[in-house]
Amino acid sequence: MNTPRLFTVTDRRDEITATVTLELQPLDDQPLPVARPGQFNMLYSFGAGEVPISLSGSINASDSVRSADRYTHTLRAVGKTTEALARLQVGDQLGVRGPFGRGWPMDQLAGKKVVVIAGGLGLAPLKPLLEALLADITHYGHVQLFYGGKRPEELLYPESLIHWSEKIEVQLSVDQAGPDWRGHVGVITQLLASAEMDPDNTLAVICGPEIMMRFTIQALQKQGLPDTALYLSMERNMHCAVGHCGHCQWGPHFICKDGPVFCYADIAPWFFQREL
Amino acid sequence: MRAAILAAEHLDLLIQALRDSGYLVIGPVRDELAIVYDEIRSVRDLSQGWLDEQEKGHYRLLPSGDGRYFGHTVAANAWKKFLNPPKRLLWRARQHNGQLQFMPQSEDAPQLAFLGVRSCELHAIEIQDAVFVHDQHRDEVYSQRRQSLFTVAVNCTRAAATCFCASMNTGPEVTLPSDLVLTEVLDDASHYFLVDGGSERGRNILATLPLRAATSKQQALAKKGIESARQQMQTGPRFFDSAGIKELLYRNLESPAWDEVADRCLSCANCTLACPTCFCSAVEDTTDLTGEHAERWQQWDSCFNGEFSYIHGGSVRQTTRSRYRQWMTHKLASWIDQFGHSGCVGCGRCISWCPVGIDITEQLQAIQQADKP
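Going down the list, the protein sequences come from chains A and B.
Be aware that the first sequence starts at 33, since it is given in my numbering, and climbs by one per residue.
Be aware that the second sequence starts at 642, since it is given in my numbering, and climbs by one per residue.
Okay, here's the thing in structure tokens:
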């Protein structure tokens, strides 16, 4: 397993509760490898451990695409390692390995209508995809974003959502909201059920909690989208990220190297299996 | 090269020739109550004259009453620990005044010679090669040790009751490449090895040994020994048709057989540690008391451990049922999708070393039974 490469935090932004976005730059003068939307890095906080975190686009809403010499990661403090990473300040150092895995099928999106469906923190791995689509919007037929969260203040990237809604259709949904909320209240699948879709010419990309993705898959199938048009990003406990440690095995797949993004047609036999 | 004969009293010359060529020789030795693979310096270290009696949750050594060196079958431990060390330091890090520094660890790979590798074990090594050498990413420690490895394979002329290589098509006769292949024959008063050189360096070693040409009778006796091992397995209870196992297991993820085995399985991980192909590992990051030094260690892990499948919110595989299903389905089915071949070589170690005597061949047959309409 490779030794991490030394990086420093060049920018930092507090997002929603316990969630931060870090912009990272290597301390050596070597260029960064090409990182594709949907791939992930292993981030190491000194003494606290290493975790897989997806690449998540640019740190400022006004930047159209990620800077080629930085990585940006949005992460939530849920355990010892992510808590240590979330405490990092500008100038602090950390280790990075990656990027790893297969990302979103960017080549196949050209000329298609794209439906982007995110739940909670699942918007983070989709942000670089959205930025790439928006930077070159004439290449894509039509882009819709459906984004759901628990409460309005739990929706990630509020500035970007406003910015994006000027160019693409953005529909938001929350489980609970106060009287000033103007979006949908309920689950994201209700919005999908009533959305206008062109099943023969659409690709859907999905990221969120597994339970949300299960219901989303069923809603899209009801809309008539074939399994080959559905892509989603999976999450498991990855230690090595290169297919050696075995922790992320899922049926016949290693999520670290065969995923984390899968075409649903390839994983349909496994996706609804419990405790796999 | 034609098959040749090495007299049993000259076996030590082979060991010394390997040592003189710079190899650390590993072979079967008796360690208290079991035969294990460990370093050998001379023929006297070998577990000559001992037989293993293996059954479900059962392993006993018995005197063989003859002078055979390889009358026993596979040792308790697999060769994998010499190619993929159970615990190793990957790198060190230091943080001082906010400056972080990584120090990668590298090793001068020992030049290993394995003496007494069985056919199923050559298959097991090839299976781990697919994970650590031939996949997208290479494991450098494994690859370097593997590259210089010298193998002296031994054809099995006896099968333990737990052996089922004949079902998995991985033995008992050595068919994969090996630098040397021996077949031990003890016939009335004569005790010798039929020897084949399978590589240039194998033949170079042979050139230093006092060999005789093998007669057709000697070759026939060696063949007969191998056939006898095959017969023992084919007439035993662990002989089954391994074709179609993948499809069988894939369509039986909810078989009641998983509930039955989960009631007995202790989720202790013995089977995965004894298995010659199980390759999973975990990493652990540690710091010292000063808080300035950190290390990353990699050590063998098991899909039977609760935290193995941990992600934020809990373990994906909460139940023993799901862990046993993962292990057996991976071993016999999804391994085929991942690497093009089964992950089981039929060595039987998981059967002998299961403390409650769970038998993978019985479990497979239970699923086959329940599968019938």
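Note that the Cβ used here is the ideal one computed from N, Cα and C, for glycine as well.
Given the structure is predicted, the values throughout are model-derived calculations rather than measurements.
Next item on the list: Return the residue from the list A:Gln57, A:Pro184, A:Leu257 that minimises the CA-CA distance to Arg214 (chain A).
Entry: That would be A:Pro184, whose Cα lies nearest to the Cα of Arg214 (chain A).
Margin query: In this structure, how does DSSP classify Trp282 (chain A) when only helix, strand and coil are distinguished?
Written below: Trp282 (chain A) falls in the strand class under three-state DSSP.
Next item on the list: Put Val815 (chain B) into one of helix, strand or coil per three-state DSSP.
Entry: Val815 (chain B): coil per DSSP, three-state reduction.
Notebook entry, point to check: Which residues bound the alpha helix (DSSP H) around Ile287 (chain A)?
Noted result: Note, Ile287 (chain A): alpha helix (DSSP H), 287-290.
Margin query: So, for Met138 (chain A): in the same chain, excluding its five sequence neighbours on each side, which residues have a beta-carbon less than 8 Å away from its beta-carbon?
Written below: Closer than 8 Å at the Cβ level, and outside the excluded window around Met138 (chain A), lie Arg68, Pro69, Leu161, Ala164.
Notebook entry, point to check: CB Ile999 (chain B) to CB Val902 (chain B), shorter than 8 Å?
Noted result: Contact flag set, yes.
Item checked: Status (buried if at least 16 other CB within 10 Å, exposed otherwise) for Ala80 (chain A) -> Flag for Ala80 (chain A) reads buried.
Check: Expressed to the nearest angstrom, what Euclidean distance is found between the alpha-carbon atoms of Asn73 (chain A) and Arg134 (chain A)?
Finding: Rounded to whole angstroms, Asn73 (chain A) to Arg134 (chain A) spans 12 Å at the Cα level.
Checklist line | Near-chain A residues of the stretch 954-965 of chain B - C-beta to any C-beta below 7 Å | finding: Those would be Val957, Arg958, Gln959, Thr960, Ser963, in chain order.
Next item on the list: Can you pull the chain B residues whose beta carbon is under 7 Å from the beta carbon of Asn269 (chain A), in chain order?
Entry: Taking a Cβ-Cβ cut-off of 7 Å, the neighbours of Asn269 (chain A) in chain B comprise Ser950, Tyr951, Ile952, given in sequence order.
Next item on the list: Return helix, strand or coil for Glu936 (chain B), following the three-state DSSP convention.
Entry: In the structure shown, Glu936 (chain B) sits in a strand (DSSP, three-state: E or B).
Next item on the list: Have a look at the DSSP bridge pairing and note the partners of Thr927 (chain B).
Entry: Bridge pairing for Thr927 (chain B): B:Glu936 [DSSP].
Notebook entry, point to check: Using CA coordinates, which residue listed in B:Phe755, B:Gln736, B:Trp732 is at the minimum distance from Ser747 (chain B)?
Noted result: Minimum Cα distance to Ser747 (chain B) is reached at B:Trp732.
Notebook entry, point to check: If you draw a straight line from the alpha carbon of Met245 (chain A) to that of Asp168 (chain A), how long is it in whole angstroms?
Noted result: Answer to the nearest angstrom: the Cα atoms are 27 Å apart.
Next item on the list: Please list the residues of the stretch 766-796 of chain B that have a C-beta atom closer than 7 Å to any C-beta atom in chain A, keeping them in chain order.
Entry: Within the stretch 766-796 of chain B, the qualifying residues are Val772, Phe773, Asp776, Gln777, His778, Asp780.
Margin query: For Ala649 (chain B) and Ser983 (chain B), what's the separation of their Cα atoms in angstroms?
Written below: Roughly 36 Å between the two C-alpha positions.
Next item on the list: Please say whether Tyr179 (chain A) and Lys159 (chain A) have beta carbons closer to each other than 8 Å?
Entry: Against a cut-off of 8 Å, the Cβ pair of Tyr179 (chain A) and Lys159 (chain A) comes out as no contact.
Margin query: Just to check my reading of the structure: Arg37 (chain A) and Pro58 (chain A) have Cβ atoms closer than 8 Å, yes? What is that Cβ distance to the nearest angstrom?
Written below: Sure, about 6 Å apart at Cβ, within 8 Å.
Notebook entry, point to check: With distances taken between CB atoms, is the gap from Leu262 (chain A) to Ile243 (chain A) smaller than 8 Å?
Noted result: No, the Cβ-Cβ distance between Leu262 (chain A) and Ile243 (chain A) is not below 8 Å.
Item checked: Cβ of Cys921 (chain B) within 8 Å of any chain A Cβ -> Put simply, the CB of Cys921 (chain B) is near chain A, with a gap under 8 Å to one of its CB atoms.
Notebook entry, point to check: Run through DSSP, which three-state label would His1015 (chain B) get?
Noted result: Residue 1015 (chain B) cannot be examined here, being either before or after the span of chain B that is shown, 642 to 1014.
Check: Between Gln744 (chain B) and the rest of its own chain, which residues show a CB-CB distance below 8 Å, the 5 nearest in sequence each way excluded?
Finding: Here the sequence assigns Met to residue 744 (chain B), which means Gln is not the residue at that position. Correct list, in chain order: Trp732, Arg733, Ala734, Arg735.
Margin query: Distance cutoff 8 Å, beta carbons only. Does Ser975 (chain B) sit that close to anything in chain A?
Written below: True, the Cβ-Cβ gap to chain A drops below 8 Å.
Notebook entry, point to check: In whole angstroms, what separates the C-alpha of Lys887 (chain B) from that of Leu973 (chain B)?
Noted result: Rounded to whole angstroms, Lys887 (chain B) to Leu973 (chain B) spans 6 Å at the Cα level.
Next item on the list: Would you decide whether Tyr710 (chain B) is buried or exposed? Buried here means 16 or more other CB atoms lie within 10 Å of its CB.
Entry: Around the beta-carbon of Tyr710 (chain B), 16 or more other beta-carbon atoms lie within 10 Å, marking it buried.
Margin query: Does any residue of chain B have a CB that is nearer than 8 Å to the CB of Lys289 (chain A)?
Written below: At least one chain B Cβ lies under 8 Å of Lys289 (chain A).
Check: Can you find a C-beta in chain A that's less than 8 Å from the C-beta of Phe743 (chain B)?
Finding: Closer than 8 Å: yes.
Note to self: For Thr927 (chain B), tell me which candidate among B:Glu948, B:Gln1004, B:Ser808, B:Leu730 has the shortest Cα-Cα distance.
What the structure shows: Closest option to Thr927 (chain B), Cα to Cα, is B:Leu730.
Notebook entry, point to check: If we cut at 8 Å on Cβ distances, does Thr35 (chain A) have a partner in chain B?
Noted result: Taking a beta-carbon distance threshold of 8 Å, Thr35 (chain A) counts as an interface residue toward chain B.
Next item on the list: Express the C-alpha separation of Gly932 (chain B) and Ser88 (chain A) in angstroms, rounding to a whole number.
Entry: A straight-line Cα-Cα distance of about 31 Å links Ser88 (chain A) and Gly932 (chain B).
Next item on the list: For Phe755 (chain B), count neighbouring Cβ atoms within 10 angstroms of its own Cβ and tell me buried if that reaches 16, exposed if not.
Entry: Under this definition Phe755 (chain B) is a buried residue.
Next item on the list: Measuring only between beta-carbons, confirm whether Pro284 (chain A) sits less than 8 Å from chain B.
Entry: For Pro284 (chain A), at least one C-beta of chain B is nearer than 8 Å to its own C-beta.
Item checked: Closest by C-alpha distance to Lys145 (chain A), when choosing among A:Leu177, A:Gln121, A:Gly151, A:Arg129 -> Nearest of A:Leu177, A:Gln121, A:Gly151, A:Arg129 to Lys145 (chain A), Cα basis: A:Leu177.
Item checked: Per DSSP, cross-strand counterpart(s) of Trp732 (chain B) -> DSSP, once it has assigned bridges, lists B:Pro745, B:Arg937 as partnering Trp732 (chain B).
Notebook entry, point to check: Does DSSP classify Gly947 (chain B) as helix, strand or coil?
Noted result: DSSP, reduced to helix, strand and coil, places Gly947 (chain B) within a helical segment of the structure shown.
Item checked: As assigned by DSSP and simplified to three states, the class of Leu107 (chain A) -> Note: Leu107 (chain A) maps to strand in three-state DSSP.
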